[in-house]
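Asks: My questions will all concern the structure given below.
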């Protein structure tokens, strides 16, 4: 898979495709400096070669992976939004409202916190 468009067209369910497209477009519009990448067949965004946030889709949800530090820091907000989470990711059910403010805050945090990083992962 080469780019976001190829990823999106691989999603057969048009409602799920639109939901994922809306999330990716929100990030592209609000953080135009981030690089779009497909790694491990998943769309993700990076900044100066370091990971910022990534996504994968499952039957029942979108998995959002901003790294464990961010999950820990935003645990309360994740739970208040009604999302379940693990140490590394949180899940937005296909029926859930997307909390774009939460995504924005997580991405902004990662950009600032990782501004001097030279590795892909923390």
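Numbering (full-length UniProt numbering), first residue to last: 1 to 122.
Beta carbons: idealized from backbone N, C-alpha and C, even for Gly.
As the structure is a prediction and not an experimental result, all values here were calculated from the model.
What are the partner residues of residue 54, as DSSP defines its beta bridges?
Replies: As a working note, residue 54 is residue 54 in the chain shown. Paired residues: 44 and 65.
Asks: Can you tell me which residues form a DSSP beta bridge with residue 122?
Replies: Residue mapping note: residue 122 aligns to position 122 of the chain shown, counting from 1. Per DSSP, none; premise fails for residue 122.
Asks: Run the CB neighbour count on residue 6, radius 10 Å, all protein chains shown included, and call it buried at 16 or more, exposed below.
Replies: By 1-based counting over the chain shown, the position of residue 6 is 6. The residue is exposed, with fewer than 16 neighbouring Cβ atoms inside 10 Å.
Asks: I want to know whether the region 92-101 touches the region 36-45 - three or more CB-CB distances under 8 Å.
Replies: At 8 Å Cβ cutoff, the stretches do not touch.
Asks: Count the other C-beta atoms from every protein chain shown that fall within 10 angstroms of the C-beta of residue 14, then say buried if there are 16 or more, exposed otherwise.
Replies: Taking the first residue of the chain shown as position 1, residue 14 is located at position 14. Its Cβ having fewer than 16 others within 10 Å, residue 14 is exposed.
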